[in-house]
Amino acid sequence: MISYEQGREKPDPQLFLKACADPGADPRATLMVGDNPIRDGGAAACGLRAYILPAEHRTGERGLTDVLLGATLSV
Numbered sequence: 024m025i026s027y028e029q030g031r032e033k034p035d036p037q038l039f040l041k042a043c044a045d046p047g048a049d050p051r052a053t054l055m056v057g058d059n060p061i062r063d064g065g066a067a068a069c070g071l072r073a074y075i076l077p078a079e080h081r082t083g084e085r086g087l088t089d090v091l092l093g094a095t096l097s098v
């Protein structure tokens with residue numbers, strides 16, 4: 024999903040809810056991985072679990088598996 028095509032931009036919680044609604048995902052069971060606590064904070068505001076990458080991981084390419092293996096998440 025590209026935010027400008029939705030007429031919204033982060034951190035608007037409605038953008039994150041739409042991203043969940045399109046494939047039928049439950050926001051409470053969805054993890055959003057981001058790199059900007061301000062812009063990606065809208066995910067947590069609407070009930071998604073949010074993992075914000077630490078600042079030292081903002082450069083370079085990393086796959087989702089690498090991100091999740093390095094994450095400490097409470098379930």
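Residue 98, in my numbering, is where the sequence shown stops; the numbers in between run on with no holes.
Glycine included, C-beta positions come from ideal geometry on N, C-alpha and C.
Being a predicted model, the structure only gives us computed values, none of them experimental.
For the beta strand (DSSP E) assignment, the uninterrupted runs of no fewer than 3 residues enclosed by the segment 33-74 are, from N- to C-terminal side, 54-57. Distance from M55 to A66 at the Cβ level is roughly 4 Å; contact confirmed, criterion being Cβ atoms closer than 8 Å. Taking R62 as the centre and dropping the five residues before and after it, the same chain places the C-beta of K33 and P34 closer than 7 Å to its C-beta, in chain order.
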